[in-house]
Amino acid sequence: MDTAKALVADDKGLLAMDESDPTCNKRFAKLGIPQTVETRRAYRELIVTTPGLGESISGAILYDETIRQKKKDSTPFLKVLTDAGIIPGIKVDTGAKDLAAHPGEKITEGLDGLRDRLAEYFQMGARFAKWRAVIAVGDGLPSRSGLEANAHALARYATLCQEAGLVPIVEPEVLMDGDHTLEQCRAATEEVLRNVFIQLNCQRVLLEGMILKPNLVLPGLTCSQQASVDEVTDATVNCLLRTVPAAVPGIAFLSGGQSAELASARLNAMNVRFKSRLPWALAFSFARAIQQPTLEIWQGKEANVKAAQQALIHRARCNRAARRGEYTAAMER
Ligand code: 5MM
2 MDTAKALVAD DKGLLAMDES DPTCNKRFAK LGIPQTVETR RAYRELIVTT
52 PGLGESISGA ILYDETIRQK KKDSTPFLKV LTDAGIIPGI KVDTGAKDLA
102 AHPGEKITEG LDGLRDRLAE YFQMGARFAK WRAVIAVGDG LPSRSGLEAN
152 AHALARYATL CQEAGLVPIV EPEVLMDGDH TLEQCRAATE EVLRNVFIQL
202 NCQRVLLEGM ILKPNLVLPG LTCSQQASVD EVTDATVNCL LRTVPAAVPG
252 IAFLSGGQSA ELASARLNAM NVRFKSRLPW ALAFSFARAI QQPTLEIWQG
302 KEANVKAAQQ ALIHRARCNR AARRGEYTAA MER
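The number in our numbering is simply the position in the sequence shown, starting from 1, with 1 added.
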């Protein structure tokens, strides 16, 4: 419970840097950065050594490769993070695979052997974990059985985490891909969250000792009718009020492919308009919306490290300001 509270304290948020090797390589490839263990390590060193990162970031989500890596001078990343006041976390799912007999739907794997892996990560110094379920919206999707299977896996993972002394970040992500409307996303997200909390209760998860990491309620990327910031924030907060128990200390949104600025603006609007009326903290746990500008500036070149770190700290500060309802477009100039 203390760790869960600390992850959303002081208007800070989480930095997701848990890209698996294939995802990290894909992002590198787009920018012409070599896809090697060393470039991935160097990029993660750039992130964890960013001066002042701990002023806006409470926790960093690592990946199995990254949690074992060190700076060039041999200091473990785990030590660098904890010295900066950042709580280390670890992604423990092993990825979303096709769900049998459910065309277009995925199930997240990784429960087999999880108890032993969690014990090892705890012993290494991790204090929270993350598992992501992926839900597509479309014709007949998500199916009831697809929803239930993913919610059940999230809940099994969450109880195992708490048994091991790790805070589970529970991430059911309704994807932005597709032409579905805001209303379809709202309906799917509400159904997903309802199922997730039913399963979390069934599996005896301590709600005070977890963090929810959901999507915002948004129209699909190719939907002809996009939504205003106020429409998105209304739909998102109302959906969460209907489904997330007040005992949960914090909700840390994923960015899901939104631009960095829009993710900050929407988080800000939610906090400006609703903060005083909400039982949980509304925070962030972004990957792309924090890292993308940094990656584009870095381009794999040592000479760009400082500028890339400045971009990272800027996004982290913008999102901390958004938690306070103090983010403005002027901050981007
Ligand atoms: C960093 O991306 C994570 C998933 O990585 P893999 O697909 O390679 O396993 C992902 O779980 C991430 O933590 C969340 O989706 C949040 O990232 P965004 O970019 O949506 O903020």
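Positions of the beta carbon are idealized from the N, C-alpha and C atoms, including for glycine.
Which of helix, strand or coil DSSP assigns to residue i
i	result
R334	coil
K72	coil
V197	helix
G141	coil
P23	helix
L54	helix
S260	coil
T4	helix
D11	helix
I48	helix
D178	coil
Pair within 9 Å by beta-carbon distance, residue i and residue j
i	j	result
L63	A85	no
R324	T244	no
K98	R133	no
G166	L219	no
A322	N269	yes
W281	P250	yes
D22	R42	no
P143	A102	no
A236	C186	yes
C240	E191	yes
G221	G179	yes
G60	F287	no
W105	D94	For clarity, residue 105 is Gly in the given sequence; the question names Trp instead. It is not a contact, given that the beta carbons lie outside the stated cut-off.
Rounded separation between residue i and residue j - CA only
i	j	result
A266	T329	8 Å
V171	R205	14 Å
F129	E39	26 Å
L82	P52	11 Å
One or two residues paired with residue i in a DSSP bridge
i	result
P77	K71
E172	R133
G326	The partner list for G326 (beta bridge, DSSP) is empty, contrary to what the question assumes.
F254	F285
G96	Paired residue(s): none; G96 is not in a bridge.
Entirely enclosed beta strand (DSSP E) segments - the segment 268 to 316, minimum 3 residues = 282 to 287
request  = Let me know the alpha helix (DSSP H) ranges lying completely inside the segment 183 to 251, each 4 residues or longer, listed in chain order.
outcome  = Taking 4 residues as the shortest admissible run, the segment 183 to 251 contains the following complete alpha helix (DSSP H) segments, listed from N- to C-terminal end: 183 to 203 and 230 to 244.
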